[in-house]
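Student:
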């Protein structure tokens with residue numbers, strides 16, 4: 002099973018409510034993806050409930066690491082893994098490879114999408130993952146990826162990393178930014194062409210709504226800047242109660 006925290010209600014990563022939810026449903030092992038390296042308190046809570054915790058992450062480790070069953074992170078002090086710039090999805094992919102004893106070719110497409118969407122440098126092993134993932138995507142059997150190419154207006158045979166970054170990633174991320182990310186998971190895992198088309202359409206509409214909200218918030222922020230007399234300030238903090246937490250980062254970067 003899988004569980005993705007609701008960004009607005011739970012934040013980004015491992016949290017005690019999610020762990021309690023897992024415990025109530027008989028879960029005995031949690032494997033995190035792209036999160037958990039700072040979750041000292043949450044790891045202790047999982048241990049208290051008798052749940053084993055395996056953390057897979059790629060973020061910089063803090064001084065104190067969680068007391069987990071295992072921590073898999075190429076940036077962890079003393080980790081001998083030669084390539085330190087894997088995306089979170091890349092670390093999960095390598096765990097799958099280690100568990101199966103072979104390269105999980107059927108997961109390359111997802112690893113490629115996640116690596117590009119996470120803006121990781123396309124060098125070293127990332128470049129290899131993305132190269133082979135895109136090659137598979139050009140003749141994909143995944144209904145979800147085919148539906149994504151359709152709504153993004155991409156010719157599947159001409160697919161490249163730019164199409165993933167500007168066509169796929171915003172639509173996949175829109176669900177997690179404005180609502181629950183579950184629809185994106187359903188899209189990428191469905192075996193039904195019809196369901197994939199419906200889900201891709203819904204994500205496309207959600208992405209358009211996300212763009213509208215970003216434009217509106219950016220204009221509000223710009224107006225506040227212009228009228229606030231901030232010209233001599235080195236640090237500026239802007240806030241509005243009604244701003245959507247899911248897109249704050251995008252607006253800040255603009």
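Residue numbers (the working numbering): 2 to 255.
Beta carbons: idealized from backbone N, C-alpha and C, even for Gly.
Since the model is a prediction, treat every value here as computed from it, not as a measurement.
Let me know if residue 256 comes out buried or exposed under the rule of 16 or more other beta-carbons within 10 Å of its beta-carbon.
Tutor: Nothing can be reported for residue 256, as the shown portion of the chain is limited to 2 through 255.
Student: Could I get the ranges of all uninterrupted alpha helix (DSSP H) runs contained in the stretch 140-205, with 4 residues as the minimum, in chain order?
Tutor: 144-152, 170-179, 183-190
Student: Does the stretch 219-229 come close enough to the stretch 183-201 that 3 or more CB-CB pairs lie under 8 Å?
Tutor: no
Student: Between the stretch 145-153 and the stretch 118-135, can you find at least three pairs of beta-carbon atoms closer than 8 Å?
Tutor: Output reads no: the stretch 145-153 does not touch the stretch 118-135.
Student: On the three-pair Cβ rule with 8 Å, is the stretch 49-66 touching the stretch 208-228?
Tutor: no
Student: Using three-state DSSP, classify residue 252 as helix, strand or coil.
Tutor: helix
Student: Please report the residue range of the alpha helix (DSSP H) in which residue 36 lies.
Tutor: Careful: residue 36 lies outside any alpha helix (DSSP H) and carries neither H nor E.
Student: Taking buried to mean at least 16 other C-beta atoms within 10 Å of its own C-beta, is residue 213 buried or exposed?
Tutor: exposed
Student: Would you grab the beta carbon distance between residue 3 and residue 36 for me? Rounded to a whole angstrom, and I think it's under 8 Å.
Tutor: With a Cβ gap of about 13 Å, residue 3 and residue 36 do not count as contacting.
Student: Leaving aside the five residues before and after residue 1 along the sequence, list all residues of the same chain whose C-beta is less than 6 Å from its C-beta, in chain order.
Tutor: Since the displayed the chain opens at 2 and closes at 255, residue 1 lies outside it and no answer follows.
Student: With DSSP run on the structure shown, which of helix, strand or coil describes residue 30?
Tutor: strand
Student: Which value, in whole angstroms, describes the spacing of the CA atoms of residue 29 and residue 99?
Tutor: 21 Å
Student: Going by beta-carbon coordinates alone, are residue 73 and residue 90 separated by less than 7 Å?
Tutor: no
Student: If you drop the 5 nearest sequence neighbours on each side, which residues of the same chain put their C-beta closer than 6 Å to that of residue 165?
Tutor: Only 114, 117 meet the Cβ criterion.
Student: How long is the line joining the alpha carbons of residue 251 and residue 22, rounded to whole angstroms?
Tutor: 31 Å
Student: Tell me where the alpha helix (DSSP H) around residue 136 begins and ends.
Tutor: Annotation for residue 136: the continuous alpha helix (DSSP H) segment containing it runs 125-138.
Student: Taking the alpha helix (DSSP H) that residue 109 belongs to, which residues open and close that run?
Tutor: Note, residue 109: alpha helix (DSSP H), 109-118.
Student: Decide if residue 184 is buried, meaning its Cβ has at least 16 other Cβ atoms within 10 Å, or exposed.
Tutor: Buried, by the Cβ-count rule.
Student: Check whether the Cβ atoms of residue 33 and residue 56 lie closer than 7 Å to each other.
Tutor: Yes, these two residues count as a Cβ contact at 7 Å.
Student: Regarding residue 200 and the ligand SAH, is the C-beta to nearest heavy atom distance less than 6 Å?
Tutor: This structure lacks the ligand SAH, and indeed carries no ligand of any kind.
Student: Pick from 173, 88, 65: whose alpha carbon is nearest that of residue 75?
Tutor: Nearest C-alpha to residue 75: 88.
Student: Where does residue 53 sit, in a helix, a strand or coil, going by DSSP?
Tutor: strand
Student: Using CA coordinates, which residue listed in 109, 120, 140, 141 is at the minimum distance from residue 167?
Tutor: 120
Student: Would you call the CB atoms of residue 200 and residue 175 closer than 7 Å?
Tutor: no
Student: Apart from the five residues just before and just after residue 45, which ones in its own chain have a Cβ nearer than 7 Å to its Cβ?
Tutor: 68
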